[in-house]
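When you line the sequence shown up against our numbering, it's residues 1005 to 1138, in that order. Glycine included, each C-beta is placed from N, C-alpha and C at the ideal position. Report on the following structure.
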Amino acid sequence: MKNDFYTLTTYLHNQNFITYAMEDYIEMLYRTNINNETLNITKLSNLLHIKKSSCSKMITKLKNLNIINPDKLILTNKGLKIGKYLYKRHEILTIFLQKLNKKDFTLEQVEKIEHFIDPLTLKNIQKLITNKLN
(Lines of atoms letter the chains of each structure in order from A and count residues from 1; the text may use other names and numbers.)
(Lines give C-alpha, C1' and ligand atoms only; values in the text may rest on other atoms or scores of the structure.)
Protein backbone atom coordinates (compact mmCIF):
# COMPACT_ATOMS: atom_id res chain seq x y z
CA MET A 1 0.00 0.00 0.00
CA LYS A 2 1.41 3.36 -1.03
CA ASN A 3 1.65 5.88 1.80
CA ASP A 4 0.73 9.36 0.53
CA PHE A 5 0.37 10.90 3.97
CA TYR A 6 2.29 14.10 4.65
CA THR A 7 2.17 16.68 7.40
CA LEU A 8 0.29 19.92 6.81
CA THR A 9 3.60 21.78 6.72
CA THR A 10 4.81 19.61 3.82
CA TYR A 11 1.66 20.29 1.84
CA LEU A 12 1.96 24.02 2.51
CA HIS A 13 5.59 24.21 1.41
CA ASN A 14 4.80 22.44 -1.86
CA GLN A 15 2.29 25.07 -2.95
CA ASN A 16 2.60 28.09 -5.19
CA PHE A 17 4.86 31.07 -4.59
CA ILE A 18 1.96 33.08 -3.13
CA THR A 19 1.60 32.79 0.64
CA TYR A 20 -1.66 32.99 2.54
CA ALA A 21 -0.76 36.45 3.77
CA MET A 22 -0.14 37.54 0.18
CA GLU A 23 -3.56 36.19 -0.78
CA ASP A 24 -5.21 38.45 1.79
CA TYR A 25 -3.45 41.52 0.39
CA ILE A 26 -4.26 40.61 -3.21
CA GLU A 27 -7.91 39.96 -2.39
CA MET A 28 -8.22 43.30 -0.57
CA LEU A 29 -6.54 45.13 -3.44
CA TYR A 30 -8.93 43.44 -5.86
CA ARG A 31 -11.93 44.41 -3.71
CA THR A 32 -10.89 48.05 -3.71
CA ASN A 33 -10.22 47.87 -7.45
CA ILE A 34 -13.74 46.68 -8.29
CA ASN A 35 -15.11 49.46 -6.08
CA ASN A 36 -12.90 52.02 -7.87
CA GLU A 37 -11.27 53.04 -4.60
CA THR A 38 -7.78 54.46 -4.42
CA LEU A 39 -5.45 53.08 -1.82
CA ASN A 40 -2.34 54.05 0.05
CA ILE A 41 -0.34 52.05 2.59
CA THR A 42 -2.19 53.59 5.54
CA LYS A 43 -5.63 52.76 4.19
CA LEU A 44 -4.61 49.24 3.16
CA SER A 45 -3.03 48.53 6.54
CA ASN A 46 -6.20 49.76 8.24
CA LEU A 47 -8.40 47.55 6.03
CA LEU A 48 -6.26 44.51 6.86
CA HIS A 49 -5.80 45.50 10.52
CA ILE A 50 -2.00 45.32 10.37
CA LYS A 51 0.91 47.66 10.99
CA LYS A 52 1.93 50.02 8.21
CA SER A 53 5.50 48.70 8.32
CA SER A 54 4.31 45.12 7.75
CA CYS A 55 2.08 46.32 4.95
CA SER A 56 4.96 48.14 3.26
CA LYS A 57 7.14 45.03 3.37
CA MET A 58 4.45 42.87 1.81
CA ILE A 59 3.72 45.42 -0.90
CA THR A 60 7.40 45.32 -1.85
CA LYS A 61 7.26 41.53 -2.11
CA LEU A 62 4.15 41.70 -4.28
CA LYS A 63 5.76 44.31 -6.52
CA ASN A 64 8.78 42.03 -6.94
CA LEU A 65 6.44 39.23 -8.03
CA ASN A 66 4.83 41.53 -10.62
CA ILE A 67 1.47 41.35 -8.84
CA ILE A 68 1.34 45.03 -7.94
CA ASN A 69 2.30 47.91 -10.20
CA PRO A 70 5.76 49.21 -9.22
CA ASP A 71 4.60 52.85 -9.32
CA LYS A 72 1.09 52.67 -7.85
CA LEU A 73 -0.78 50.58 -5.32
CA ILE A 74 -2.82 48.78 -7.98
CA LEU A 75 -2.79 45.22 -9.28
CA THR A 76 -1.08 44.33 -12.54
CA ASN A 77 -2.91 42.13 -15.07
CA LYS A 78 -1.35 39.11 -13.34
CA GLY A 79 -2.52 40.46 -9.98
CA LEU A 80 -6.02 41.10 -11.28
CA LYS A 81 -6.31 37.51 -12.48
CA ILE A 82 -5.21 36.16 -9.11
CA GLY A 83 -7.38 38.68 -7.25
CA LYS A 84 -10.46 37.75 -9.24
CA TYR A 85 -10.01 34.09 -8.31
CA LEU A 86 -9.40 34.91 -4.63
CA TYR A 87 -12.44 37.18 -4.49
CA LYS A 88 -14.63 34.56 -6.19
CA ARG A 89 -13.33 31.88 -3.83
CA HIS A 90 -14.25 34.05 -0.85
CA GLU A 91 -17.74 34.71 -2.21
CA ILE A 92 -18.44 31.03 -2.96
CA LEU A 93 -17.36 29.94 0.52
CA THR A 94 -19.38 32.74 2.13
CA ILE A 95 -22.57 31.65 0.33
CA PHE A 96 -21.90 27.98 1.09
CA LEU A 97 -21.34 28.53 4.80
CA GLN A 98 -24.30 30.89 5.09
CA LYS A 99 -26.55 28.22 3.58
CA LEU A 100 -24.97 25.44 5.61
CA ASN A 101 -24.84 27.15 9.00
CA LYS A 102 -27.71 29.62 8.71
CA LYS A 103 -27.45 32.08 11.59
CA ASP A 104 -24.22 30.56 12.92
CA PHE A 105 -22.21 31.76 9.92
CA THR A 106 -19.06 33.70 10.70
CA LEU A 107 -16.63 35.48 8.42
CA GLU A 108 -13.80 33.95 10.43
CA GLN A 109 -14.70 30.51 9.07
CA VAL A 110 -14.37 31.70 5.48
CA GLU A 111 -11.04 33.37 6.22
CA LYS A 112 -9.67 30.15 7.67
CA ILE A 113 -11.01 27.77 5.04
CA GLU A 114 -10.30 29.79 1.90
CA HIS A 115 -6.54 29.38 2.14
CA PHE A 116 -6.73 25.59 2.21
CA ILE A 117 -9.34 24.72 -0.37
CA ASP A 118 -8.28 23.49 -3.79
CA PRO A 119 -9.84 24.71 -7.05
CA LEU A 120 -11.69 21.45 -7.80
CA THR A 121 -13.37 21.38 -4.39
CA LEU A 122 -14.25 25.04 -4.75
CA LYS A 123 -15.76 24.39 -8.18
CA ASN A 124 -17.84 21.54 -6.76
CA ILE A 125 -19.02 23.69 -3.85
CA GLN A 126 -20.09 26.31 -6.38
CA LYS A 127 -22.01 23.65 -8.31
CA LEU A 128 -23.58 22.43 -5.08
CA ILE A 129 -24.81 25.87 -4.03
CA THR A 130 -26.25 26.48 -7.49
CA ASN A 131 -27.85 22.99 -7.51
CA LYS A 132 -25.83 21.87 -10.52
CA LEU A 133 -23.86 19.03 -8.93
CA ASN A 134 -24.48 15.73 -10.69
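Among residues of its own chain, excluding the 5 on either side of residue i, which ones have a beta-carbon nearer than 6 Å to its beta-carbon?
| i | result |
| --- | --- |
| Cys-1059 | Ile-1045, Leu-1048, Ser-1049 |
| Glu-1027 | Leu-1090 |
Smallest Cα separation from residue i: which of the options?
| i | options | result |
| --- | --- | --- |
| Leu-1079 | Leu-1033, Glu-1027, Asp-1028, Thr-1098 | Leu-1033 |
| Lys-1103 | Asn-1037, Leu-1043, Leu-1132 | Leu-1132 |
| Val-1114 | Lys-1107, Pro-1123, Leu-1097 | Leu-1097 |
| Arg-1035 | Thr-1064, Glu-1095, Leu-1111 | Glu-1095 |
Measure the CB-CB distance between residue i and residue j and report whether it falls below 8 Å.
| i | j | result |
| --- | --- | --- |
| His-1119 | Tyr-1024 | yes |
| Phe-1021 | Leu-1069 | yes |
| Lys-1085 | Pro-1074 | no |
| Phe-1100 | Ile-1121 | no |
| Arg-1093 | Leu-1051 | no |
| Glu-1041 | Gly-1087 | no |
| Lys-1082 | Ile-1071 | yes |
| Leu-1124 | Leu-1077 | no |
In the DSSP assignment, the alpha helix (DSSP H) including residue i goes from what residue to what residue?
| i | result |
| --- | --- |
| Ile-1133 | 1123-1133 |
| Glu-972 | This structure cannot settle anything about residue 972, because the visible part of the chain is limited to 1005 through 1138. |
| His-1053 | It is not in any alpha helix (DSSP H) - His-1053 carries neither H nor E in the DSSP assignment. |
| Ile-1096 | 1081-1105 |
| Ile-1117 | 1111-1117 |
Quick one: what's got a C-beta closer than 7 Å to residue i's C-beta in the same chain, skipping five residues either side?
| i | result |
| --- | --- |
| Ile-1117 | Leu-1097 |
In its own chain, which residues sit with a C-beta less than 8 Å from the C-beta of residue i, not counting the 5 before and 5 after it?
| i | result |
| --- | --- |
| Ile-1063 | Tyr-1029, Ile-1045, Leu-1048, Ile-1072, Leu-1077 |
| Ile-1038 | Tyr-1091 |
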